[in-house]
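Chemist: One structure coming up, written as C-alpha cells, with questions to follow.
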Amino acid sequence: MIKLNNPVRNTISFGIIIATPMEAEPFIKCLGMKDTGAQPFPVYMGKDSAIIISGIGKTNAALATAYACMKHDPACILNLGSAGAVRDSEETGRIFNIEKTVEPDRIHIRTNTPFTQYPDILEGFDKAVLSTQDKAVDDHEAFREISAFADLVDMEGASVVQASKRFHKKCLLFKFVSD
Numbered sequence: 382m383i384k385l386n387n388p389v390r391n392t393i394s395f396g397i398i399i400a401t402p403m404e405a406e407p408f409i410k411c412l413g414m415k416d417t418g419a420q421p422f423p424v425y426m427g428k429d430s431a432i433i434i435s436g437i438g439k440t441n442a443a444l445a446t447a448y449a450c451m452k453h454d455p456a457c458i459l460n461l462g463s464a465g466a467v468r469d470s471e472e473t474g475r476i477f478n479i480e481k482t483v484e485p486d487r488i489h490i491r492t493n494t495p496f497t498q499y500p501d502i503l504e505g506f507d508k509a510v511l512s513t514q515d516k517a518v519d520d521h522e523a524f525r526e527i528s529a530f531a532d533l534v535d536m537e538g539a540s541v542v543q544a545s546k547r548f549h550k551k552c553l554l555f556k557f558v559s560d
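Residue 382 is where the sequence shown starts when you use this note's numbering, and the numbers rise one by one after that.
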C-alpha cells in the first residue's frame, strides 16, 4: 500500500497565477513578496497572498492553479497578465476584468461548440471576453475570426477558471492589452 503525504496547507486570501516572471515582477516588487524557492513552480509569498508563476499555456496554468488550491487553500484565485487585442482599435495597456472565456481549440463533443467558462467579476471595471488557446495567435486572419466572439486572446485564462471552479474557489481574471 502506498501512503501519500498530505500537503501542508497555508490558508491565504489570494492565490495569484501569472504566466511569466516578466508579468509577475511588478506585483512581486509592489507587494514586497519573497521567493520561497518552492517547486514545482516558482512561488512568491506576501502577507496574505502567493504568486505562482505557471509558465505559458493551458496545462501549466491549470497545474499551477491546482497547486495553489491544494498547497495554500486561497479564498480566491486571481489570474493576472497580458492578452492580445483582436481589434487594432484597442488601446495598449488598457486593463479588463474578464467576464467570459472561450476556448475555440477545445470543442464540446455533444454540442460541437467551444468550451466556455465564467469567472467571477467585480463591478467598476471594464469587461471583456477572452479567447484562450494553446497556440499563440499571430496573424490578422486569426484575429479577425476570434473577433466574432472575443475581445482579447491569451494562452492561460480559461484553464485557470476551470481549475479554480473545480476546487470551488472564487476566480477573477484581469488582463492588460499587450498588443
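Ideal placement from N, C-alpha and C gives every residue a C-beta, glycine not left out.
Rounding to the nearest angstrom, what Cα-Cα distance links Lys550 and Pro455 in this structure?
Modeler: Rounded to the nearest angstrom, the two C-alpha atoms are 8 Å apart.
Chemist: If we call anything under 9 Å between Cβ atoms a contact, is Cys552 one with Cys457?
Modeler: Yes, they are a contact pair.
Chemist: Whole angstroms are fine: how far does the CA of Pro423 sit from the CA of Ala447?
Modeler: Using only the alpha carbons, I get a separation of about 14 Å.
Chemist: Give me, in chain order, the residues of the same chain whose beta-carbon lies closer than 8 Å to that of Glu480; leave out the 5 immediate sequence neighbours on both sides.
Modeler: So the list reads Tyr499, Pro500, Ile502, Lys508, Ala509, Val510, once near-sequence residues are dropped.
Chemist: Using only the alpha-carbon positions, how far apart do Arg475 and Leu459 sit?
Modeler: Using only the alpha carbons, I get a separation of about 18 Å.
Chemist: Residues in the same chain with beta-carbon distance under 8 Å from Ile527, minus the five sequence neighbours each way, listed in chain order, please.
Modeler: Closer than 8 Å at Cβ, skipping near neighbours: Val467, Pro485, Ser512, Val518, Val534.
Chemist: In three-state terms, what does DSSP make of Pro407?
Modeler: Helix, per DSSP.
Chemist: Could you tell me which of Ala443, Phe506, Glu406 sits nearest to Lys546, measuring between CA atoms?
Modeler: If we check each option's Cα against that of Lys546, Ala443 comes out closest.
Chemist: To the nearest angstrom, how far is the alpha carbon of Ser540 from that of Lys439?
Modeler: If you take the alpha carbons of Ser540 and Lys439, they lie about 5 Å apart.
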